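Just so we're on the same page, the working numbering is the position in the sequence shown counted from 1, plus 172.
Ideal Cβ placement from N, Cα and C applies to all residues, glycine included.
On a predicted model such as this, the values are computed, not experimentally measured, just so you know.
Working notes for the structure below.
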Amino acid sequence: MTRILSMDNKIGRLVIEVVHKIRPEATVLDALQTMLEKDVGCVVVSGVGGPIGMVTERDILRKVTALRRDPGKVQVREVMSSPLISTSMDTSVGDAAKKMIECKIKRLVVMGEDGSFLGLVTMTDVVRWVAGRKELSDSLINYLMYDVP
Numbered sequence: 173m174t175r176i177l178s179m180d181n182k183i184g185r186l187v188i189e190v191v192h193k194i195r196p197e198a199t200v201l202d203a204l205q206t207m208l209e210k211d212v213g214c215v216v217v218s219g220v221g222g223p224i225g226m227v228t229e230r231d232i233l234r235k236v237t238a239l240r241r242d243p244g245k246v247q248v249r250e251v252m253s254s255p256l257i258s259t260s261m262d263t264s265v266g267d268a269a270k271k272m273i274e275c276k277i278k279r280l281v282v283m284g285e286d287g288s289f290l291g292l293v294t295m296t297d298v299v300r301w302v303a304g305r306k307e308l309s310d311s312l313i314n315y316l317m318y319d320v321p
């Protein structure tokens, strides 16, 4: 096991708590306008019981733009990524990075012990955090090059 996977540092320190949300019946155009106004790459789709999906710029490009669909007529629920892949605040940064790599995602939802939505962690956040720690940077590079299938 490489060092990046056994780090004691918890993902909670990297959580983005200000997350922009949208309803599933909103249009993709509404989602795009929110992303542009807030300068973010995704919005979380919230239903009655909490988050049910996520819409990213990539989702919109692949499921709307590339298919020449009208973003003003397509509902968010039609293009959202679901189910959400989540982790807890006490997950190590290394385990969170491993989960993102294995699941081929760039964003993890962070949930509380009570099942409440706490925020997001992105692969960019993880890489920035690791890059600030030289000894971990080398381990991450080795892990990505040799240990990830």
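- Taking the C-beta atoms as reference points, Val282 is found no nearer than 9 Å to Val251.
- In the DSSP assignment, Gly291 is bridged to Val282.
- Comparing C-alpha distances from Val265 to each of Pro196, Thr294, Arg241, Ile232 shows the shortest one belongs to Thr294.
- Check the Cα spacing between Gly219 and each of Leu292, Val248, Leu208: the tightest is with Val248.
- Within the same chain, and ignoring the five residues on either side of Trp301 in sequence, the residues whose Cβ sits closer than 7 Å to its Cβ are Leu186, Val265.
- Judged by beta-carbon spacing, Lys193 lies within the 9 Å limit of Val217, meaning their Cβ atoms are closer than that value.
- For the options Arg230, Val200, Gly287, the alpha carbon positioned closest to that of Met261 is the one of Gly287.
- Between Ala198 and Lys235, the alpha-carbon positions lie close to 16 Å from each other.
- In this structure, DSSP gives Gly222 an extended state, which the three-state scheme calls strand.
- Ile273 carries a helical assignment under DSSP once its states are collapsed to helix, strand and coil.
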